[in-house]
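Enquirer: Before we start, here is the structure in question, set down as structure tokens.
Numbering (our numbering), first residue to last: 35 to 1031.
Listed below in structure tokens is the structure:
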């Protein structure tokens, strides 16, 4: 039911604001440079406030249509409808269905809104709600009922209008929202105005909720290293201001007092907080590991409040424990019914730089596709040297024929000079891809050049020759037009656009055809265009689609010139990405009567220019969960051939303009720590793979290669929870991708696998990326008789569930040797007989601990299907906060070490004075990560590939290294370490490898 009311009456009633000047429309990506917002205040019981921002869905994602503005708690921002649309909708979700009975809608420029309808999603169906009265279309009061989402549909009069805020309440309950703390704690906070911190915690708690001390440095915590940001956060939360002045001193205005205070690196932070309180004439309280400053602290000085605060501030909020007896929040039922295919390519934009460890990281990534950037204009143009100016079509065709007759030995291309300059480096780069079985799409073609026949020929010859070279030497079949030609195309005529697109197409197809002719190959030429960054439905895209078989000279080709519709997308909104796939298909159908597969050779949460100002990075749960969902939603839409996340590696990006971790590069690179006097590599090396990288690694493992996409039935009241299922016929495994986007709650999931025709006791594993996990194995399950398994999934996380269809038998391998080594003044000590292993990295190398494991590989003809390393361990932290400790596991090729002889001085492939590997390559490479916390637990890492490769190479032993390296410049890891049981502790808790054959 659409409620229509004259805007004049609404204005008289005061129910909408008068017409306000609307902000200029921005680019869609720009808003994402804003920080991830907090709760504003803990007393607010608006269920929709800032909930699942990336999953807010709107009918159009044109500039300015930022749906989450309608529930960000800020009346000055709004979701604004494009005046050209007339009709639009906004959909807001808040997770699982909860009881509600009131919704309030505040309009923006309401006089332009002719009609408004509100629908509520119960968890199973939508229903339309009537407003409280015809005169109050923005207020809805109704009998309490469960709901998890709402949808507002509006009609406008041709002028801009929208929704400033939508609020959702359950007025029958006085209980505060659980995301902010217990009812007792909220009541205590009403009697106090305080900031509470905990020793070592990166969070501060106040009336505005739990917030990172500084979102620009997630490791900043209540510790002496972080005095300045701690003091700044306290001042901000208590309504004051702090400004850094010379010599690391803060000028503070707080509680009517103005003063300066020392914020130097390393000063005792608790003492400075107490001084701050004294100078501001405020209270200070130290209760155990808790530090409180503010007013009315007596309300918090009791055991119950201290316990609640310790829970909120004392551990990673994404750590979860299962609710085994609770009703499942979602029931996921994969079926054998095929409803589409997965991506062919699920990879990265990457450059395989020689003399770096990128080969090892590509191997660890398990990717089967990358997009490379060897552009003809940059690599080949200078070597195209025709004897005279090309002035006619006859000249053009003559030179073209000469090159095609002898691609490598003609008078036009200085091929020898090109090879002397580039062949060694390109052989290194593309040779890595060949060695790892990685398919490449190369950004080969140019995007802009002067509009002359001579320049046309230079670009054709350059593109042809480079394509021929890459195809002949490295089997590269797929090539792109030049990168993001949008601006140039806007300045060009339709004829110019068409000639450029088709000229490059001809060069690429001709080169592949000639490689097949000359070398007996059977390569399949793939040309992707127009590689747009912006309007994928605009003029350039339509010109291409209208001319799929038109050659550069206007004649018709017997074969299709364009194979893939190529574009880029930077957005953290899964619904937006899926909608745009659908819209692009509609455009192609309109123009060509058919639809090309789409390929996204760049995709990420936001463009590079925005990250530098952001409070998020590639480890922010909202970021990697959005990307995890985007992988699934775009695949569900069908018609996408491939996605390449931008970008895997970029040496130098950390230091470039102080970018640091705020980059769309999903790994960090730096010059590694080395022993004094060691040969320094000129190139930076990858030091860390973010959680966004881990999401892409796990998804790509299961959902590449155009595998069947199987129908997955989901019973969940959360409209945004999704799972997808595929089947790998070669390895006989089902893969289930589960994305849990709820900001605050963990979910209990039941996977009903009864329709998959599985053997009894089938092997099932789960690998998780969350705020607390780094892609490691989190569950290993033997399928029970009812073929239903129970998994719990953390807030804002992604999980890959692997189900083995092939019946397997399990074998347990125990280490034949294990030992920890300690650097520094104990570098000659052997600890092989100790009952414990460990991992630590410290500024003082006397505390660096590296552990080694050696296993005898299983014998027999049956191939290994799966191998999982299991350790028992916990973290030890000098602070009260349970930060967890992340370390890496490497497989190394050197097995020549003995348990009772190994020391830091003679250990294989590690430095003597710093915690790092000397050689990281295809034979010494990362196999996974493990994260341990204060509570002892099992730590599991999938080492299947390492076991299989060792067996295939004829080795009978496998050595693993457990190590914590430096992940980014100036990282401090002194406060925590891992404590792990060794084989001397017994088979129950000692290391082991489970092998399934």
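Note that the Cβ used here is the ideal one computed from N, Cα and C, for glycine as well.
1) Tell me whether residue 555 sits in a helix, a strand or coil according to DSSP, three-state version.
2) Return the CA-CA distance between residue 854 and residue 870, expressed in angstroms with no decimal places.
3) If contact is defined by three or more beta carbon pairs under 8 Å, each pair taking one atom from either stretch, is the region 591-604 in contact with the region 646-662?
4) Which word fits residue 1015, buried or exposed, when buried means at least 16 other C-beta atoms lie within 10 angstroms of its C-beta?
5) Output needed for residue 229: all residues of its chain with C-beta closer than 8 Å, excluding positions within five of it in sequence on either side, in chain order.
6) Count the C-beta pairs between the region 741-753 and the region 364-381 that are closer than 8 Å, then say yes if the count reaches three, no if not.
7) Could you check the C-alpha separation between residue 557 and residue 511 for me, to the nearest Å?
8) Ordered along the chain, which non-local residues of its own chain (more than five positions away) have a Cβ less than 6 Å from that of residue 65?
9) Can you give me the C-alpha to C-alpha distance between residue 1024 and residue 903, rounded to a whole angstrom?
10) One question on the structure: do residue 825 and residue 813 come within less than 8 Å of each other, judged by their Cβ atoms?
11) So, for residue 950: in the same chain, excluding its five sequence neighbours on each side, which residues have a beta-carbon less than 8 Å away from its beta-carbon?
12) Determine the burial state of residue 312: buried for a count of at least 16 other Cβ atoms within 10 Å of its Cβ, exposed for fewer.
13) Can you give the Cα-Cα distance for residue 496 and residue 595, rounded to whole angstroms?
14) With C-beta atoms as the reference, is residue 669 less than 8 Å away from residue 611?
15) Is residue 61 buried or exposed, if buried means 16 or more other CB atoms sit within 10 Å of its CB?
16) Strictly by DSSP, which residues pair up with residue 786?
17) Residue 129 and residue 779 look like a contact to me (Cβ under 8 Å); what is the Cβ gap, rounded to whole Å?
18) The beta strand (DSSP E) with residue 763 in it runs from where to where?
19) Whole angstroms are fine: how far does the CA of residue 657 sit from the CA of residue 753?
20) Kindly give me the distance between the Cβ atoms of residue 548 and residue 586, rounded to whole angstroms, as I take these residues to be in contact under 8 Å.
21) Counting Cβ pairs, one atom from each stretch, are 3 or more of them under 8 Å apart for the region 389-397 and the region 756-767?
22) Can you give me the C-alpha to C-alpha distance between residue 71 and residue 890, rounded to a whole angstrom?
23) Give a yes or no on contact between the region 771-778 and the region 610-625, applying the rule of three or more CB pairs nearer than 8 Å.
24) Can you tell me which of 484, 544, 568 and 967 puts its alpha carbon nearest to the alpha carbon of residue 521?
25) Can you grab the Cα-Cα spacing for the pair residue 330 / residue 336, in whole Å?
26) Determine which residues share a DSSP beta bridge with residue 813 and list them.
27) Quick one: is residue 986 buried, meaning 16 or more other Cβ sit within 10 Å of its Cβ, or exposed?
28) Does the region 659-667 come within contact of the region 629-642, defined as at least 3 CB pairs closer than 8 Å?
29) Going along the chain, which unbroken runs of the alpha helix (DSSP H) with 4 or more residues stay wholly within the region 407-468?
30) So for residue 597, helix, strand or coil by DSSP?
31) Got a sec? Which residues, its chain only, sit under 7 Å from residue 910 by beta carbon, not counting five neighbours each side?
32) For residue 397, which residues of its own chain have a beta-carbon under 7 Å away from its beta-carbon, when the five flanking residues on both sides are left out?
33) Within 10 Å of its beta-carbon, does residue 146 have 16 or more other beta-carbons around it, so buried, or fewer, so exposed?
34) Identify every residue that forms a DSSP beta bridge with residue 476.
35) Please name the residue, chosen from 737, 382 and 939, that lies closest to residue 727 on a Cα-to-Cα basis.
36) Answer with buried or exposed for residue 73, where buried requires no fewer than 16 other C-beta atoms within 10 angstroms of its C-beta.
Expert: Taking the coordinates as given:
1) coil
2) 8 Å
3) no
4) buried
5) 238, 239, 240, 267, 268, 271, 272, 326, 327 and 328
6) yes
7) 6 Å
8) With a pLDDT of only 37 at residue 65, under the threshold of 50, the placement of this residue in the model should not be trusted; the figure read from the coordinates follows. Around residue 65: 100.
9) 11 Å
10) yes
11) 706, 707, 708, 944, 997, 999 and 1000
12) exposed
13) 18 Å
14) no
15) Unreliable positioning characterises residue 61 in this predicted model, as indicated by a pLDDT of 35, which lies under 50. A coordinate reading is not provided.
16) 822
17) 6 Å
18) Careful: residue 763 lies outside any beta strand (DSSP E) and carries neither H nor E.
19) 19 Å
20) Residue 548 to residue 586, Cβ: 17 Å. No contact.
21) no
22) Because residue 71 carries a pLDDT of 36, less than 50, the predicted location of this residue cannot be relied on, and no value is offered for it.
23) no
24) 568
25) 13 Å
26) 800
27) exposed
28) yes
29) 410-413 and 427-439
30) coil
31) 1010, 1011 and 1013
32) 470, 956 and 959
33) buried
34) 406 and 513
35) 382
36) Confidence at residue 73 is low in this model, with a pLDDT of 46, below 50, so its placement is unreliable and no value can be given for it.
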